[in-house]
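Heads up, the thing below is written out as structure tokens.
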Amino acid sequence: MCIDYRQLNTQTEKDAYPLPRIDEVWQALCNAKYFATLDLLMGYHQVEIDPADRAKTGFITHKGLFWYNVMPFGLCNAPATFQRLMEKIFGDRIGVDVLVYLDDLLLFARDLPTLLKTLREVLQRLAKAGLKCKTSKCDLLAESIHYLGHMVSAHGIKAYPI
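Heads up: the sequence shown at position 47 corresponds to 46 in numbering that gives the first Met the number 0, and the numbers run straight through without jumps.
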């Protein structure tokens, strides 16, 4: 089902919360040799909408009136809301041993024991926040990894061939 949120989006006060600039975050990976990526399962759909705002997402079908209990794709402020949530969860680790771009997380370390420790902490924080990963899209304990259209390794970062 495709729902058009143009009318709601035109009446919504825009959230100017920035997304990370990928070209600026690569610097954090300089000394990393081991990597892991985590991809959240249907990212936006894991964020609950305040009950007072659910009616704003209402839509009509032949079976009745429905509205979202969780944040749907298509809302103009969904990316900013999700990035803010991720930075609230991982703020103290971002750029240290974790990079976050919406629902894609990149963990990095100089050695495997440190990466394992980071992975454990990140998974604990995700569980505490009630967020789940799509395991089939996660890559753990790798020396090179595909992340946001790039191949990342200890040898550097290259655009991933299409």
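In this text, a Cβ means the ideal position worked out from N, Cα and C, and glycines have one as well.
What residues are listed by DSSP as bridge partners for residue i?
i     : result
Gly63 : Thr60
Glu47 : Val69
Val99 : Leu104
From what residue to what residue does the beta strand (DSSP E) around residue i run?
i      : result
Lys157 : 155–158
Ala128 : Unbroken run through Ala128 is the alpha helix (DSSP H), 111–128; no beta strand (DSSP E).
Leu147 : Taken as a continuous stretch (DSSP letters only), Leu147 belongs to no beta strand (DSSP E), as it is neither H nor E.
Could you give the first and the last residue of the continuous alpha helix (DSSP H) run that contains residue i?
i      : result
Ala141 : Run containing Ala141: none in the alpha helix (DSSP H); it sits in the beta strand (DSSP E), 138–141.
Leu84  : 77–89
So residue i packs on residue j, CB below 8 Å; how close in whole Å?
i      : j      : result
Thr143 : Ser135 : The residue you asked about is not Thr; residue 143 is Ser in the sequence shown. So it is not a contact: roughly 19 Å between Cβ atoms.
Leu105 : Phe34  : 7 Å
Ala27  : Leu98  : 6 Å
Can at least three beta-carbon pairs, one atom from the segment 69–76 and one from the segment 115–125, be found at a separation below 8 Å?
No, they do not touch.
Where in the segment 13–43 do unbroken runs of the alpha helix (DSSP H), each at least 4 residues long, occur, reported from the N-terminal end onward?
21–24
Measuring CB atoms only, is the segment 53–70 touching the segment 106–122, in the sense that at least three cross pairs come out at less than 8 Å?
Cβ pair count under 8 Å is below three, so no.
Report yes or no: do three or more beta-carbon pairs, one from the segment 30–40 and one from the segment 130–144, lie closer than 8 Å?
yes
Do three or more CB pairs link the segment 12–31 to the segment 78–97 at distances below 8 Å?
Cβ pair count under 8 Å is three or more, so yes.
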